[in-house]
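One structure is given here, and the rest of the page talks about it.
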Amino acid sequence: MDIDAISAVRLEMLEARGIRRELSPTERLADGRVLRGGQPMVSFCDNDYLGLTSHPSVIEAAVGATRKYGAGAGAARLVTGDNPLNEQLEARLAKLKGLPAARVFGSGYLANAGAIPALVGAGDLIVMDELCHASMHAGARLSGARIQTFAHNNVTSAAHYLQQRDATSHALLLTETVFSMDGDLAPLEQLAEVAGQTGAWMMTDDAHGFGVITQDNPAPVQMGTLSKAAGAYGGYVAGPASFIDLLTSRARTFVYATGLPPGVLAAALAALDVMEAEPGLGARALANARLFGSLIGHASIESAIVPVRYGEADAAMRASAALAEQGFLVTAIRPPTVPEGAARLRFTFTSNHREADIRRLAALVLKTLGDAGAAK
Ligand SMILES: Cc1ncc(COP(=O)(O)O)c(C=O)c1O
């Protein structure tokens, strides 16, 4: 069979399982709405938590740097792609994180895929939360270390696996600060305690916390992305100075990838300025999520992400379609992104959402849940 024929068979198999993915061209408009298929909709599923992708000063910064330096970096940072904006951004990120240094990567995915193998390798142990993002799993696999996943947020289970470590090798504990699909928080202090007791290192993924919620985070290595609350693109790793320096030589996704475009770097820097000037934006996104949670009977909302479970993938797809008909864009999250039987709508809230929209959305969601229950 040739590539096209076997791919068609594989696509049919995905289709049969209800997990074939398809693209939907979407124009995001400056006022926070989106156009999909020509239809204006209010999005409740992007990660632009602070509305900074369309903030005037963020856009101006991107345009200005693009005019000055060009559209692309032109090369890897180790060649000629190290525009001085990189260093400025890294200094700001390290300060924000309260860690000695930071290195910017092409994306959050690349940051995880590059930093984890720079920390541990063959013969070492990685103990990671089962719900860690795909990019952490990718980094873990690339490292060649033995991987043990622990039950979500279960500190006892994490401790159990860490205690089995070989004392002569390194062990690394991985978790997210805010879980991307569930919106709950990791027990960072407790996890750091077991890491400390077992001599393990700890690294966190703050992709969905950054700019929205501030937690005390004792992890010595912290990564995040500039593509969500910061409204731009790129990823970063912050940590001890020598480790960050080591990434420059050893993180393959840093060494062998082109630097970020200057416009993107400038946008991220401007976004950090806005976050500093308007510290209430994150709290507003969180308050919007909490309002929605209270209206649909979800009491403990800890972040700007509120999952609503429908079980099977087709039930979640039907609910998404029903909301779309009423002008709300909320994509269904299906396996393999989430476990089988745990398909959901993942609602995300931003500082720009309006109360009237949130109230109307909540009423519709309650109806879709009723319909899904009736269909069972
Ligand atoms: C938890 C988590 N980590 C890492 C990433 C990857 O970040 P980026 O989109 O910048 O590659 C994402 C983005 O989807 C994420 O949700």
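Under my numbering, the first residue of the sequence shown carries the number 13, and numbering increases by one thereafter.
Every residue, glycine too, gets a C-beta built ideally from N, C-alpha and C.
Given the structure is predicted, the values throughout are model-derived calculations rather than measurements.
- Task: Taking 7 angstroms as the cut-off, decide whether the C-beta atoms of Arg-45 and Thr-38 are in contact.
- Result: no
- Query: Going straight from the alpha carbon of Arg-177 to that of Ala-152, what length do you get?
  - Reply: 16 angstroms
- Query: Can the beta-carbon of Val-5 be found closer than 7 angstroms to that of Tyr-61?
  - Reply: Residue 5 lies beyond the residue range present for the chain, which begins at 13 and ends at 388; the question has no answer from this structure.
- Backbone secondary structure at Thr-360 - three-state DSSP: strand
- Message: Using a Cβ-based criterion (distance less than 6 angstroms to any ligand heavy atom), does Thr-237 qualify as near ligand 1?
- Response: yes
- Message: Applying the 10 Å Cβ sphere with the 16-neighbour rule, what's the burial state of Pro-68?
- Response: exposed
- Query: Distance, Cα to Cα, Phe-1 vs Ala-316?
  - Reply: The chain is shown only over 13 to 388; residue 1 falls outside these bounds and no answer can be derived.
- Query: Looking at C-alpha atoms only, which residue of Leu-259, Ala-123, Lys-240 is the closest neighbour of Ala-280?
  - Reply: Lys-240
- Item | C-beta atoms of Met-215 and Ala-198 nearer than 7 angstroms | no
- Whole-angstrom distance between Ala-125 and Ala-150, CA atom to CA atom: 6 angstroms
- Rounded C-alpha distance that separates Glu-324 from Glu-34: 18 angstroms
- Tell me where the alpha helix (DSSP H) around Asp-326 begins and ends. 325 to 337
- Message: On the DSSP bridge list, what partners appear for Thr-248?
- Response: Here residue 248 is Tyr; the residue named in the question, Thr, does not match the sequence. DSSP, once it has assigned bridges, lists Val-116, Gly-236 as partnering Tyr-248.
- Query: Can you give the Cα-Cα distance for Ala-355 and Gly-30, rounded to whole angstroms?
  - Reply: 11 angstroms
- Message: Please tell me whether, using a cut-off of 6 angstroms, the distance from the CB of Asp-326 to the nearest non-hydrogen atom of ligand 1 is below it.
- Response: no
- Quick one: is the Cβ of Ser-19 within less than 6 angstroms of any heavy atom of ligand 1? no
- Smallest Cα separation from Gln-175: which of Leu-203, Leu-154, Ser-155? Leu-203
- Message: For Val-276, tell me which candidate among Ile-18, Asp-383, Gly-243 has the shortest Cα-Cα distance.
- Response: Gly-243
- Message: Short of 7 angstroms in beta carbon distance, which residues of its chain neighbour Gly-86, apart from the five on each side in sequence? Order them along the chain.
- Response: Thr-92, Gly-93
- Item | Inter-residue spacing [alpha-carbon to alpha-carbon] between Thr-226 and Ala-20 | 46 angstroms
- Query: Under the criterion of a Cβ to heavy atom distance below 6 angstroms, does Glu-142 qualify as lining ligand 1?
  - Reply: no
- Task: Report the residue from Arg-264, Thr-270, Thr-161, Asp-218 whose alpha carbon sits nearest the alpha carbon of Leu-238.
- Result: Asp-218
- Task: Assign Thr-189 to one of two classes, buried (16 or more other C-beta atoms within 10 Å of its C-beta) or exposed (fewer than that).
- Result: buried
- Query: Would you say the beta carbon of His-145 comes nearer than 6 angstroms to a heavy atom of ligand 1?
  - Reply: yes
- Item | Validate contact between the region 94 to 108 and the region 122 to 141 using beta carbons, cut 8 angstroms, 3 pairs | no
- Task: Establish whether the CB of Val-267 and some CB of chain B are separated by less than 7 angstroms.
- Result: No chain B appears in the structure shown, which is made up of a single protein chain.
- Query: Could you give the distance in angstroms between the alpha-carbon of Leu-200 and the alpha-carbon of Asn-59?
  - Reply: 23 angstroms
- Counting along the chain, where does the beta strand (DSSP E) carrying Leu-47 start and finish? 45 to 48
- Query: Which of helix, strand or coil does DSSP assign to Leu-137?
  - Reply: strand
- Whole-angstrom distance between Cys-57 and Ala-374, CA atom to CA atom: 14 angstroms
- Message: Quick check on DSSP: helix, strand or coil for Glu-188?
- Response: strand
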